[in-house]
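In the working numbering, the protein residues as written are 74 to 390.
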Ligand code: TXA
Ligand code: MG
């Protein structure tokens, strides 16, 4: 884990954008303004950068992240955009709308971005500084709101520094966010369904789809989208906190153990998080023999790793 870092404050000019893009391309974390709230950005194709996003936020679980792109054309490299989803994209992008779309095979996005799911949340933001940064970085940028887990979303760079100063490499300062509320999230089931109300009014969406938007009943609490998901689990049975390996088992190791695959031989939780989904997919792909998993320390990113492993190991139908 990195010691406290000095968080650079970058101005909203060509030099600031160039520095932010350079840091992002190197796998560092940069908070940037969008019209909704400030995002905590990292290269969405870089497992280690994405793991550090979760670490910086102190998230107790791997909720999937939103991938930010500069244009609809760029979106089509990573996700399937057709039917009603395409109509919504044409109507509201760039803007405060996030669409959950089928992931394209071979997209190159880190498995950690989508928390191992076959879908990915994508947004084309409208903020000019965000757009310049995305174009100059020329990578898909994963970004949750730039607040520590459990705190409110930041709408100024001061909020970002208050919450994440010392934990990220830089903040690109674009002043206050115009909307100040997160994007509206719409999933495709396959027709549009509201997953999170936000900065784009539901009425506008209903005009675009010429009818009511499927959503929760009145009075029912809105579940966080991440909780609605059936979480990724391999086919093979899994046994956690395995101190030793039984005959016929494969070991997903952590620390200095001999293993089929090792999340982090040196016991580094950021490295382990970065490898988690890719290794679960690999084990799933390679066979059905039961999977034993080494104990993972339950602090820092280890809490999120254990949360996800418990879901993956839970009894299923
Ligand atoms: O305005 C916003 O949306 C801001 C800016 C930075 O873009 N971002 C933001 O991200 O609010 P975050 O991580 O705080 O919220 C993203 C939500 C999470 O609740 C997550 O569960 C949901 O999006 N989500 C992401 N990928 C998903 C997927 N594949 N399926 C369902 N929900 C997903
Ligand atoms: Mg948030």
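For every residue, glycine included, the Cβ atom is placed at its ideal position computed from N, Cα and C. Owing to the predicted nature of the structure, the values given are computational and were not obtained by experimental measurement.
Secondary structure remark: continuous alpha helix (DSSP H) runs of at least 4 residues inside the stretch 104-180, in chain order: 120-130, 145-148 and 156-165. Excluding sequence positions up to five before and after residue 273, its CB lies within less than 8 Å of the CB of 165, 168, 169, 170, 256 and 257, all in the same chain and listed in chain order. DSSP places residue 287 in the strand class (E or B) of the three-state scheme. It is roughly 7 Å from the alpha-carbon of residue 213 to the alpha-carbon of residue 118.
One alpha carbon belongs to residue 239, the other to residue 351, and they sit about 29 Å apart. For residue 150, the Cβ stays outside the 6 Å cut-off from all heavy atoms of the ligand TXA. Here residue 132 is buried. Its C-beta has 16 or more other C-beta atoms within 10 Å. Under the criterion of beta carbons closer than 8 Å, residue 246 and residue 82 qualify as touching, at roughly 6 Å. Residue 87 has its alpha-carbon roughly 43 Å from the corresponding atom of residue 285.
For residue 331, no alpha helix (DSSP H) segment is defined, and its DSSP state is neither H nor E. About 6 Å separates the beta carbon of residue 97 from that of residue 114, a gap short enough to meet the 8 Å contact definition. Beyond the five residues adjoining it in sequence on each side, residue 80 comes within less than 8 Å, by CB distance, of 234, 237, 238, 239, 240, 241, 242, 243 and 244 in the same chain, given in chain order. When rounded, the separation of the alpha-carbon atoms in residue 322 and residue 371 is 24 Å. Classified as buried, residue 197 has 16 or more neighbouring CB atoms from the shown chains inside 10 Å of its CB. Distance from the CA of residue 279 to the CA of residue 366, rounded to the nearest whole angstrom, comes to 47 Å. Taking a C-beta distance under 7 Å as the contact criterion, residue 332 and residue 340 do not qualify as a contact pair. For residue 183, the distance from the CB to the nearest heavy atom of the ligand MG is not below 6 Å. Taking C-beta atoms under 8 Å as the contact rule, residue 154 and residue 281 fail to qualify, at a distance of about 15 Å. The three-state reading of DSSP puts residue 212 in coil, since its state is none of H, G, I, E or B. Residue 329 and residue 193 have their C-alpha atoms some 34 Å from each other.
Bounds of the beta strand (DSSP E) holding residue 195 are 192-196.
Sequence-distant Cβ neighbours of residue 158 in its own chain, meaning closer than 7 Å and more than five residues away, are 172, 174 and 261.
Ranked by Cα distance from residue 127, the options 344, 324, 387 and 203 are led by 344. Straight-line spacing of the CA atoms in residue 206 and residue 90 works out to 6 Å.
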